[in-house]
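> Just so it is clear: in the sequence shown, position 12 is 12 by the working numbering, and no numbers are missing.
The structure that follows is given in the form of structure tokens.
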Amino acid sequence: MKKIQIKTFYLTALITIGFSAVGYSQQGTVILNEDPTIANLLKVKKEINSNEKNSDRYKIQIYSGNLGRAESTKSNFNGSVGKYSSQLVFEAPDYKVWVGSFRSRLEADRALVEVQKKFRDAFIFKPLKEKN
Numbered sequence: 001m002k003k004i005q006i007k008t009f010y011l012t013a014l015i016t017i018g019f020s021a022v023g024y025s026q027q028g029t030v031i032l033n034e035d036p037t038i039a040n041l042l043k044v045k046k047e048i049n050s051n052e053k054n055s056d057r058y059k060i061q062i063y064s065g066n067l068g069r070a071e072s073t074k075s076n077f078n079g080s081v082g083k084y085s086s087q088l089v090f091e092a093p094d095y096k097v098w099v100g101s102f103r104s105r106l107e108a109d110r111a112l113v114e115v116q117k118k119f120r121d122a123f124i125f126k127p128l129k130e131k132n
């Protein structure tokens, strides 16, 4: 008789523990409280960066000449230095390879030291603003 009561007790305890484990499992919901000004700041930053032609940023020029050499210089830069963005620009009559977009002259000078290790003729300049 005692063995039956012990077996019943253990069976009841096992079933109770099994159901309680399922009942206490966690749900996978995450609530994100984001400040709405962050979204506005990101939108403003995208607008500013999309209009870089009219910015007061410094750039580094690593080549000016014909299209073929400009393209090879750009790909050579991307393969060797590649830390900064590069762009191919046409200003009559030459194609130019510009590197980076630096907020301050100090940032540009630091990058120039690194770029001149591979491209000795590189120099810093500030693009002229386009008149609307």
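Think of the CB as a built atom: it goes at the ideal place given N, C-alpha and C, for glycine as much as any other residue.
Hey, could you find the ends of the alpha helix (DSSP H) Ser104 is sitting in?
It is not in any alpha helix (DSSP H) - Ser104 carries neither H nor E in the DSSP assignment.
> Mark Gly100 as exposed unless 16 or more other C-beta atoms lie within 10 angstroms of its C-beta, in which case mark it buried.
With 16 or more Cβ atoms within 10 Å of its Cβ, Gly100 is classed as buried.
> Curious, which full-length alpha helix (DSSP H) runs of at least 4 residues does the region 20–98 contain?
The qualifying runs are 36–50 and 67–80.
> Three Cβ pairs or more, each shorter than 8 Å: is that satisfied between the region 95–110 and the region 58–70?
At 8 Å Cβ cutoff, the stretches touch.
> Answer with buried or exposed for Ala111, where buried requires no fewer than 16 other C-beta atoms within 10 angstroms of its C-beta.
Buried, by the Cβ-count rule.
> Starting from Phe125, trace the beta strand (DSSP E) both ways and give me its first and last residue.
Where Phe125 is concerned, the enclosing beta strand (DSSP E) stretches over Phe123 to Phe125.
> Taking the alpha-carbon positions, what's the Ala92 to Glu71 distance?
In a straight line, the C-alpha of Ala92 is about 16 Å away from that of Glu71.
> Between the region 116–124 and the region 67–87, are three or more C-beta pairs nearer than 8 Å?
Contact holds: three or more Cβ-Cβ distances are below 8 Å.
> State the DSSP-derived secondary structure class of Leu112, mapped to helix, strand or coil.
Looking at Leu112 - three-state DSSP - the assignment turns out to be helix.
> Skipping 5 residues on each side, what residues in its chain have a beta carbon closer than 8 Å to that of Ser85?
Correct list, in chain order: Val99, Gly100 and Ser101.
> When DSSP labels each residue in this structure, what does Leu11 get in the three-state scheme?
In the structure shown, Leu11 sits in a helix (DSSP, three-state: H, G or I).
> Classify Thr73: buried if its beta carbon has 16 or more other beta carbons within 10 angstroms, exposed otherwise.
Buried.
> Helix or strand or just coil, what does DSSP make of Lys118?
If DSSP states are grouped into helix, strand and coil, Lys118 belongs with coil.
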